[in-house]
Structure formats: C-alpha cells, structure tokens
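Residues 39 to 752 in the working numbering are what the sequence shown lists, from first letter to last.
Just so you know, even glycine gets a beta-carbon here, dropped at the ideal spot from N, CA and C.
These notes are about the structure you will find just below.
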Amino acid sequence: MEYIGHKSDDGVNREQALIEHLNGTSALCSEFARRFTMEEIGKLLGLYHDVGKYSIGFQKRIQQNGPKVDHSTAGAQLLGKYFVPFAFCIAGHHSGLMNLGVRGDIDNGTLVARMRKKLVGILDYSAFKNELPELSVNKKLFPAFSDTFSAMFFTRMLFSCLVDADFLDTERFMRPNTLKRGDFSDLEELYKRYNAYIMDWGNPTNKLNKKRTEIREECINAAHGQEGIYTLTVPTGGGKTIASLGFALEHAMQHKNKERIIYVIPYTSIIEQTADVFRSIVGSENVVEHHMNVDYDDAEFGDNKQKENERKKLATENWDAPIIVTTNVQFFESLYGNKTSRCRKLHNIANSIVIFDEAQMLPNDYFIPCMRAIRELVSNYHVTAVLCTATQPSLNKYFTEDVQLHEICSNVDDLYDFFRRVHYEKTDFEDTEALIAQLNIHKQVLCIVNSKKAAQKIFDGLNGDGCYHLSTFMYPQHRRKILAEVRERLKNNLPCKLVATSLVEAGVDVDFPVVYREIAGLDSIIQAAGRCNRENKRPLEESIVYIFEIENDDTKIPSFIRLPREITQMVMRDFNDISSTVAIKKYFDQLHVNKGESLDMHNILGMSDKRMLFKDIASDFKIIGETGRGVFIPCDDASKKLLEQLRAGVRNRSLMRKAGQYIVNVYENQFLKLQGAGVIDVVDENINVLADMSIYDVHKGLIVNIDDGVGVFF
C-alpha cells in the first residue's frame, strides 16, 4: 500500500507520498532547530509528527474522502513518552499548544487526555514501521530546564520549528510554482549599503551632526562586544534610529551566527517612520513591516511592486526577512502565544538582534513577563537585545546576575545637556476657563490633557483661526487629515492651536513653540516635550513645556494615570530638573516599586510555574485588551464604497484594514445607549454603522458624554 500525505487542490490530483512529507518536514525542522543547537531533536520531531497518517482511517479520508480522523495524537504518544515537549508540539501542530491538564482528564482538550486516548482499529498507525527507520531516541540530547518557564519557552520554540517546517513542506508540494520565499539580501550586503549611506557623514561641520556622529561611533564600537543586553539611552534628536541600525549591522558582522534584525516598536505611527528610514538605507525590498496597518495585498501600498509585496507578505508569516519592523503586541503576544499562526515565526527570533525602541513604553501590566522573555531569548537563544529609549527605566533588577546590561553611550548626562531643547515650568489654573484664556494668548500652542472629555471642552473655548482637536473619538483617517493641516500651518507660521489627548505624544512629528501638558506620568511629559522645539530652531529659554493642574476640575482622572501622576508630583518636589537622568531613574524605580505585582497583572509568570498552561497563558496575555465596540463612520465617498462591500457580505483582510481607518471605538455602555437611541445600524456582530451623521462633529469626532456614555443629543 502507498501511504499518501497530501493531495493537491489544483484539480490535477497530484499526490505527495507520506514518507516524502515526513522527510521534508524533518529536514526543515532540523535546520530551524539548529539555531538553538537542537537539530537532532528537530529532525526526530519532524520525522514522526504525522505518523498518525499511516492509519487506515486517515488513508480512507485522503484517498476516498472519508470522515475526518485524529492524526496528531499518534506521534504525540509515540515520542511524548520520551520527552514531554514532543507531545505538546505534535498534538498541537494544527490546533495549537494546549494545557497539560491533570491526571484523570479524558475529554477536555488537555494533553493528558490526548495521551490517554486509545488508538485502535482505524486509528492504529503501526504501519509506520514499514517506511520509517526504527525509532531511536538519545535522551542525552534533551536539554535540562532551570524551571517550568524555560521548559514552556523551549516548547514554543520547538513548536515553531515544527509548524513552520510543516507549512513550508506542504506549501512546496501544494504550490510548486509559488514565489520563492526568503529571497532577500543577507546582512553582509545590508552592512555595505549602510556604510555607503553614511559615507558622506565622515566630517560633520556643525555641533549637532558631530554629536550624532559620536553617538553612532559609540554604537559601532560597542557592537564588537559579546552577545547580551545593551541599553542605548539617547535623547530625542540624537539619531538613535540610524545609530542603533549601525550597532545591529556591525554586531552581525562580528557574530556571524546572526541572521536578522528585529525592531520592536510600541506604536504603528513610529513603525511607519522607522521603516521609511530603513528602506532609504538598505532598500525597500529588504524591510518587512508586520503590524495591523500594513497590507501587502493592497495595490495602493504595493505601488506596482507585486513580487516584492508577495515576498514580504509571505515573510510576515515566519519572519524570514533580514529586517523585521513590528509592534510590542505582535512580538510579545507571539512569545506567549499558543496558536500556529502566532508561534510559527518564533524560531526566526533566535540568532537575531532585537532592538526595543521606546523601551520605556513596554506595557506596564505585562512588564515583568516581557523582561523575563527578553532574558530567556538572550540566555538560551543567542539573541542580542538593545533597549533603546530617550528615558531609560532602571532595569538591572529584572535580570539575573549572569545577564548584565551594558550602556552603549559613555556619558548619558552630557548627552541630555547637549540635546536639551526645552525647559519645564509648573503652573496651575483655577479652572478650565483660565487655561483656555491662557491658550488663546498664543499664536501656536499644543495642549495635551488626560481625558477626551477635557479635550472637547477646551477645544470649544479656543478662538481664532487654526484651532484643532485630536482624540480617539475621531476615526484614524480623520486624525491623519487634521495632523496634515496642523503640520502645514506650523510650517507656514500660521496660527495653530491644537488640543489633544496623549495619542499625539509618541511618533507624531509636530513642532510647536510651546506645549501645555496636564500632569501625568513623567515619561508622558517628556514625550510631550518632544513636540516642542523639535527641530531645535528656537532658543531654549523661549521653548517652554508648562506642566499644569486645574484646581477646580470635576473631570474624572483615568485610573491608569493616577499612580504615575502621583509619582511625578513627588519627583517634581525632589528635583529641579525633572528631565535629568537621576529624576527619570527615580520616577521609574518608584513606579515599579508601587506597582509591584501589577507589573505582572495577569500573573503570567505565576501561571508559568504551574502545570504548563499554554492555552490559558495565551488567552490572558493580551497587551491590548477589549477596546469596546467599533462604530463605522460613513463620512465620505471612499468610506461609503467600503460600506457597500461590507453590507454585501465581503470580508477579507484588505477590506477590513481599510474599514478600520473609519472606525471609532466606544465603551460598551456608550454603544448600547447609542444603539438604544436608534443611531447605530448593526450590519453583523462585527460591523456597526453610525446611522445619524449629525452626532459626528467635523472638529471633535463622535460626540459622546464621557461620564455616563449618553450621547449629547438625547
């Protein structure tokens, strides 16, 4: 009997012999696992992952279109008795890593239950012995784990090797004419391009460029050091993006095992700017963005580069490109994930250089699990990590003694003095009206507040030309339009007053002569200061960031701001210069002490010490939680055309990404009251449309009473 692994779906009915698929997957899985010296384990895993397909039941399924049968439990039972990670990987190589379970589990989706399952009759797979070599397992190859966390991390890495190998071998058979994967330049070629790009910067003439050159040269020198964790503490304007890329490429030349550079960034707005810089240096074809706003299926995005985009789209599946630019969400949720789509890329993080830009913005609720994951990557998977930021948190305490942090810049204090562009002043206002009166005095001013309600109220009081408002009650496309107008007015020295929430602080390239920032976390205040005198064209004494409080203010302070705000008040009492390195260190140290266990809000590490709860941990590790309900705003011709497709039942990734540019998220109680008033048209469980455009203001967006969720039109 010939055992079949796959049949093509191209109408030709080609068949792939099962032994061919097993050998192909084994070779790839071994190659991937070699990155962390587990090639023999990878070879064994790939070779036996589909032995359940030797059963009569599966062969009837594939050759005679018989009923579906379980083909993954067999390999899990066969290899799992030697090494538990084998069982997890094989049992979950289609459905995802499951919880271990407890003794006695029979039918609740746990690994224990799968290992107890009787494989007899049509599920008997003993015919594998006719084609596969006699099973020989050398237990000396298995790694020893210091704790359950490391064992789970290893299991995800091994799982990644298997599922990517399985996908690729299957794709090779099913789509023999598909575009070649991984056809990118290597890091040595990118290193040459980088050096060619900076060749003209050898003898800078002005002080600013001299300092940037010094920073870059320190990065190059530090790159000759060992693998490990580095910090790059450079103030805004110091050129850390290009300097950190120089570090990464030089480090890759010194450590030839390095295969790629991964940039991990908190916001998509920063990603797009960073990726543009990299494309200009190493070529567009070598930079792959992986985040919610990029769509390589979109013809507009592609700009007639179809093959390049197809290759990049494939690379988002397993990160086999030389430079990946992604988000905190994508990176860390994958490391703690359990699904094949999330975990498939993990083995390609091994042997890489990972740059964490704006590292102070790692999510507080998952801060300790993020640090633990970085430590694991550096200790066991040959990763060099760079924590890159303008406001470096104090992080040494989150790493063990064998993992030390090395600061790249020799004198951070001098850098802060050199790049100082603003000075801070504390001011208080009796009420909102007093603040508004002060804002109206300025020709150009940015005011950042802690709530959407306050932003709308202040905007209503602004007068004169060029008054603008930004908050998440405006759909993304609307916000982009407003920002374009703001930049144009600033460029032409026209009147421009902007009131916004914190969304304007990170990655938004605007340059105001003066900024008012409602007191919040110190890191937020310093980020806000980056919107003042950004281009360093104004005298320091004229570039002021006012930190303010409103004494008679009934606006409810968002809960997530209360603690950072209190610690900032303490730092302001203790330090004259709140932007100094010692003040910043004091802020973060105190924040981390006060947050304590809430730096692991969902007890991810505690769960990792228990019985291998892969599914539960993946479910709980969600950096962006529930954001409420989305309301689609059909405001122009483009959005109305999208709505026509949505109403017609069209659902694809490209369409949903485009639709997302016209969506405002509201809290559940706000949504229900809007729906009760008859202004929401529910298309399906995922698509809700604003039916009354009179409550979408062209300046302020969706008009909702923030306190109780009641629309003002009631």
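Nearest-angstrom Cβ-Cβ length linking D395 and I303, presumed shorter than 8 Å: 5 Å
Closest by C-alpha distance to D638, when choosing among P242, S379 and I661: It is I661.
Alpha-carbon spacing of V320 relative to F126, whole angstroms: 40 Å
Whole-angstrom C-beta distance between I393 and A286, which should lie under 8 Å: 6 Å
Own chain partners of T427 with C-beta closer than 6 Å, once the 5 adjacent residues on each side are dropped: Excluding residues within five positions, the ones whose Cβ falls inside 6 Å are E396, A397 and Q398.
Segment limits, alpha helix (DSSP H) that includes D654: Note, D654: alpha helix (DSSP H), F652 to D658.
DSSP beta-bridge partners of G668: DSSP, once it has assigned bridges, lists N703 as partnering G668.
Own chain residues within Cβ distance below 6 Å of A353, not counting five before or after: V326 and A359
First through last residue of the beta strand (DSSP E) which encompasses V727: N726 to L728
Helix, strand or coil at I309 [DSSP, three-state]: If DSSP states are grouped into helix, strand and coil, I309 belongs with the helices.
Whole-angstrom distance between A544 and S372, CA atom to CA atom: Note on geometry: alpha-carbon atoms of S372 and A544 lie some 24 Å from one another.
Inter-residue spacing [alpha-carbon to alpha-carbon] between S448 and A260: 10 Å
Distance CB(E556)-CB(E587) smaller than 9 Å: yes
Pairwise C-alpha distance: I42 and N168: The alpha-carbon atoms of N168 and I42 are separated by roughly 14 Å.
Assumed close pair L740, F511 - CB separation to whole angstroms, cut-off 8 Å: 5 Å
Exposed unless 16 or more other CB atoms sit within 10 angstroms - verdict on D207: buried
Endpoints, the alpha helix (DSSP H) within which C381 is located: T378 to C381
Inter-stretch contact (C-beta, 8 Å, three-pair minimum) for the stretch 158-166 and the stretch 105-123: yes
DSSP-derived helix/strand/coil call for N146: Here N146 sits in coil by DSSP.
Assigned secondary structure, L508 (DSSP; H/G/I helix, E/B strand, else coil): strand
Which listed residue (Y232, S322, R527 and T279) has its alpha carbon closest to that of M291: Y232
Three-pair Cβ contact test at 8 Å for the stretch 703-717 versus the stretch 726-733: Under the 8 Å Cβ criterion, the stretch 703-717 counts as touching the stretch 726-733, having at least three qualifying pairs.
Selection from G687, R691, V688 and G698 that minimises the alpha carbon distance to I671: Selection G687, R691, V688 and G698 evaluated against I671 yields G698 as nearest (Cα-Cα).
Close Cβ partners of K178 (< 8 Å) along its chain, the five nearest in sequence each way excluded: none
Alpha carbon of M212 to alpha carbon of G62, nearest angstrom: 13 Å
K178 (DSSP reduced to helix, strand or coil): helix
Contact the stretch 496-503 vs the stretch 528-538: 3+ CB pairs below 8 Å: yes
Closest residue to D549 among A522, L560, G559 and K81 (Cα-Cα distance): A522
Buried versus exposed, by CB contacts within 10 Å (16 or more), P273: buried
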